[in-house]
Amino acid sequence: MEFKKVLIVAVLIALVVGVGIGYVIPKGPAPPAGLSGEIPIGVLLPLTGDFASYGARGKACVELAESEINSFVKSAGLPVTFKFYYENTETKADIALQKVQTLAAKGVKVVTGLLCSADIQAIKGYADTNKIVVITPFSTVAELGVAGDYIFRLIPHDDMEGIALARLVYGLGIRHVAILQRKDPCDISIARMFKKEFEKLGGEVLVYVEYEPGTTEFTSELQALESAVGPAISKYGADKVAIQTLTWEDLAMVLAQAKARNSITLSVRWFGGDAIALSSVILRDAGDVAAHVQLLAGFYYAPDSPKKAKVIDYVKRKLGEEPDIYSLIAYDCAWVAALSILQAGVYSGEAIQKVVPYVANNYFGASGWTELDETGDRTGLDIIFYQVKRVGTEYKWVAVAKYIASMGSVVWG
């Protein structure tokens, strides 16, 4: 009976990762029959704080994955149940570390969820030392990709996004940009790559304005932007000037305060990064201003597939909104985590860590192929750009362009 269960695991894992396109995992060693009972997986989500809206969508996707995973192992006749332990990081790195430590004390060896780069920086040393496998769709700082560690990121790092933003902005004929950037590892990384690529193309960065996380009053930041943008508009024209923001959903406060002071910055176009694209907070709190400045921001884009459609439909029915790319990948992270545990055949961080690349490189999920590079980061994804527009009586994010990663170019429409 044990041999039969082992064989079933190997065959069904191959079928799950290749569902819909006939792909089967290359022949490998069958996992030992060392798993039984409840298998815990920690799920860390920003259910409050700056990324709460992402946390809600991510939680819905992971809950769907948990249900499907347990249906899968039940149908395989395996004597296991996956138990997901959901914890709120409050969008705070120190809380994320506390939650990982608490889960580790309970014997959890695998953690997934929406952990941003600040979270990964905080937990990385502890995870590596204690051999806790971390699989996330939410961290993108390039420097955090380290070969052989216990961190796996099923999303590409920031260099691609910075380059895509620079090429999009420059392609619109804009040559002079003021940068507003939150002091967060992801935003710093994207902003630096944007600046490097934009200047390489022939553009000029007028001013580089940074602010601390937790800032709620942006008078000094807006004054700095105005001092740079005003003269540039007079010299080059408003159509040649723009503001590139690398912020979180606190951009809604920036836009609202700019409107309140009738800021000259609202005379030019604004652009944003992936942390604000599709943000319901932006629409709710500053939709009119965002539409006025034609706010445009990019998100990594998952190829269309039946699996993607299924997850989107589930979240729309549950929350009344579509899941973002991070949430779709969170679904895939949960599956890769569970399949890796099954393939390892033992609940050991060290054993599971060795298996994750093997499983991820042969898994097609809601976000497409999850192939990883040598550092454990996803190799690539296209980026779709959305603009805030008024549609009827509502403000909505509308897709307007796509960055094709394989071509390195922006396609409109």
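Mapped onto this note's numbering, the consecutive letters of the sequence shown carry residue numbers 1 to 413.
We treat Cβ as the ideally placed atom computed from N, Cα and C, and that holds for glycine.
Query: Taking the straight line between their C-alpha atoms, what separation do you get for residue 304 and residue 228?; Result: 42 Å
Query: Using 10 angstroms around the beta-carbon of residue 117, count the other beta-carbons present and answer buried if the total reaches 16, otherwise exposed.; Result: buried
Query: Within its chain, find whatever has a CB closer than 7 Å to the CB of residue 352; leave out the 5 residues flanking it on each side and keep chain order.; Result: 109, 110, 133, 340, 341 and 344
Query: Which partner residues of residue 101 appear in the DSSP bridge assignment?; Result: Partner(s): none; residue 101 has no beta bridge.
Query: Tell me, please, which residues DSSP counts as bridged to residue 382.; Result: 301
Query: Suppose the cutoff is 7 Å on Cβ atoms and the five residues either side in sequence are ignored; what does the same chain contact list for residue 281 look like?; Result: 53, 249 and 252
Query: Start and end of the beta strand (DSSP E) containing residue 270?; Result: 269-272
Query: Rounded to a whole number of angstroms, what is the C-alpha to C-alpha distance between residue 145 and residue 234?; Result: 43 Å
Query: Please say whether residue 382 and residue 399 have beta carbons closer to each other than 8 Å?; Result: no
Query: Helix, strand or coil for residue 200, going by three-state DSSP, please let me know.; Result: helix
Query: Beta carbon of residue 96, beta carbon of residue 102: below 8 Å?; Result: no
Query: Give me the residue from 408, 154 and 104 with the minimum Cα distance to residue 337.; Result: 154
Query: Would you kindly report the start and end of the unbroken alpha helix (DSSP H) that includes residue 176?; Result: Here residue 176 belongs to no alpha helix (DSSP H); instead the beta strand (DSSP E) covers 176-182.
Query: Quick check on the burial criterion: 16 or more other C-beta atoms within 10 angstroms. Buried or exposed for residue 409?; Result: exposed
Query: Under 8 Å, do residue 298 and residue 330 count as touching if we go by C-beta distance?; Result: no
Query: So, helix, strand or coil for residue 396, using DSSP?; Result: strand
Query: If we define contact as Cβ-Cβ less than 8 Å, is residue 313 a contact residue for chain B?; Result: Going by chain labels, chain B is absent from the structure shown, which holds only one protein chain.
Query: Identify, in the order they occur along the chain, each residue of the same chain with its Cβ nearer than 6 Å to the Cβ of residue 283, setting aside the five sequence neighbours on each side.; Result: 395
Query: Counting only the same chain and skipping the five closest in sequence on each side, list residues whose C-beta sits under 6 Å from that of residue 137.; Result: 154, 155, 326, 329, 330 and 333
Query: Within the chosen definition, does the stretch 160-169 reach the stretch 182-201 through at least 3 CB pairs nearer than 8 Å?; Result: yes
Query: Using the rule of at least 16 other Cβ atoms within 10 Å of the residue's Cβ for burial, across every protein chain shown, is residue 74 buried or exposed?; Result: exposed
Query: Note down the Cα distance separating residue 262 from residue 121, rounded to an integer number of angstroms.; Result: 39 Å
Query: Name the DSSP bridge partner or partners of residue 391?; Result: 394
Query: Return helix, strand or coil for residue 138, following the three-state DSSP convention.; Result: coil
Query: Expressed to the nearest angstrom, what Euclidean distance is found between the alpha-carbon atoms of residue 314 and residue 56?; Result: 13 Å
Query: From residue 45 to residue 197, what does the alpha carbon distance come to, in whole angstroms?; Result: 33 Å
Query: Could you please give the first and the last residue of the uninterrupted beta strand (DSSP E) stretch that includes residue 88?; Result: 80-88
Query: Among residues of its own chain, excluding the 5 on either side of residue 211, which ones have a beta-carbon nearer than 8 Å to its beta-carbon?; Result: 180, 181, 182, 183, 218 and 221
Query: Please report the residue range of the beta strand (DSSP E) in which residue 244 lies.; Result: 241-246
Query: Using DSSP with H/G/I as helix, E/B as strand and the rest coil, what is residue 226?; Result: helix
Query: Please report the straight-line C-alpha distance between residue 393 and residue 287, rounded to a whole angstrom.; Result: 11 Å
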